[in-house]
Amino acid sequence: MNPHAKLITLTSLILGTTITISSNHWAMAWAGLEINTLAIIPMISKSHHPRAIEATVKYFLTQAAASAMILFASTTNAWTTGQWDITQLTNPTSCLLLTTAIAMKLGLAPFHLWFPETLQGSSLTTALLLSTLMKFPPISILLLTSNSLNPSLMTLMAIMSAALGGWTGLNQTQIRKILAFSSISHLGWMTIIIIYAPKLTLLTFLLYTLLTSSIFLSLNSSNTTKLTTLLTSWTKTPMLNTALMLTLLSLAGLPPFTGFLPKWLIIQELTKQEMTPTALTIALLSLLSLFFYLRLTYFSSITLPPNPTNQMKHWYTSKETNSTIALTISLSIFLLPLSPLILTLT
């Protein structure tokens, strides 16, 4: 991509995100979401591959429908209440429409089918942006309207996301699709607690962003997009693969890694809210995701493939491992002992 075009695109992404998360008026929040959508589209389609074009069209149609629904929900609420303030969402129809629209924008089940296909058609860097930065504005709107949301509907969508994210990721061989289903599963954990503890949702999202960034940057450094390529990448960068293995275990939520902290706190909060069956259900559903995380871990740490592959072996990396990857991986693995400090800050 042209450097000037890349600068404009990144500036627009930051501008759109800032407008949405800092606005109290529905029109400004909607404008920020539209700026974000228009800014990311050139990044998805920049390779001009048919799969990238297909991903761009799917992303644009889904986001356009969700944006129209948000505009309709906010207009309906303003018509009945006379308020354009985001926190004054009191009309039941508007609440239902907004929940559906934000679920479409985030990729929550049952509106998740566009997300894996879009990630598969994007580069690793663009997939990182779609999985992290592009989810921040819709989540911020959910946080502002959390008092008006339907608890039963949010719990149902969260359980569906955790179940479908884990179940449909089991037989995938493309790493970007696996990480897409991982994102859907993690969104279920964020959604289930958003009404009862919005700050915990924000903490979960920030830690998920840190872990996912570490994995995508590591994969981008070794130019790995498939399990067959990951199988032979140990010979190129053994230390990076070891760190990637630990980061994947952290994303799975296993102690004593950073990823265990949000799941532990969410289960604790659900138990305090007398939702023990719900906490037990989502904890058991996370075992589905744990399977493909362990599968990725196995593929990243094995030294030799058991069978000869038709994949061309790239013995040298095209990019050097930089300090950003080292910092994000270190935080992704060793942040759990600082959990009292993190809880104090939040």
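Sequential numbering of the sequence shown, starting at 15, is according to this note's numbering. Each residue gets a CB set at the ideal place from its N, CA and C atoms; glycine is no exception. In this text the structure is predicted, and so the values were computed from the model without any measurement.
- Uninterrupted alpha helix (DSSP H) stretches at least 4 residues long and entirely within the segment 113-168 occur at 128-134, 138-145, 150-158, given in chain order.
- A straight-line Cα-Cα distance of about 24 Å links ILE208 and THR95.
- The beta-carbon separation of ILE229 and PHE306, rounded to 13 Å, does not stay under the 8 Å limit for a contact.
- Around GLN287, the same chain offers TYR210 as residues with beta carbons nearer than 8 Å, after the five sequence neighbours per side are excluded.
- GLU48: member of the alpha helix (DSSP H) spanning 40-58, first to last residue.
- Sequence-distant partners of THR239 (beyond 5 residues in either direction) whose C-beta falls short of 8 Å from its own C-beta, in its chain, are LEU138, GLN188, ILE189, ARG190, LEU233.
- Secondary structure at LYS213: helix, using DSSP grouped into helix, strand and coil.
- Residues of the same chain with a CB within less than 6 Å of the CB of LEU302, apart from the 5 flanking positions on each side, are GLY180, TRP181 in chain order.
- Only residues of its own chain outside the window of five on either side were considered, and among them LEU122, ALA123, HIS126, ILE198, SER199, LEU201, GLY202, THR205 have a CB closer than 8 Å to the CB of SER175, listed in chain order.
- In the displayed model, GLN282 falls within a helix according to three-state DSSP.
- THR101 is a Cβ neighbour of LEU158, given a cutoff of 8 Å.
- Shown here, GLN188 sits in a strand according to DSSP, grouped into three states.
- Rounded to whole angstroms, LEU214 and GLY135 show a C-alpha spacing of 32 Å.
- Here THR272 is not near LEU147, since their CB atoms are 8 Å or more apart.
- Checking the DSSP bridge columns, you'll see LYS250 has no partner listed.
- Counting other Cβ atoms within 10 Å of its Cβ, MET289 reaches 16 or more and is therefore classed as buried.
- Counting other Cβ atoms within 10 Å of its Cβ, TRP40 reaches 16 or more and is therefore classed as buried.
- Here ILE22 is exposed, its C-beta having fewer than 16 other C-beta atoms within 10 Å.
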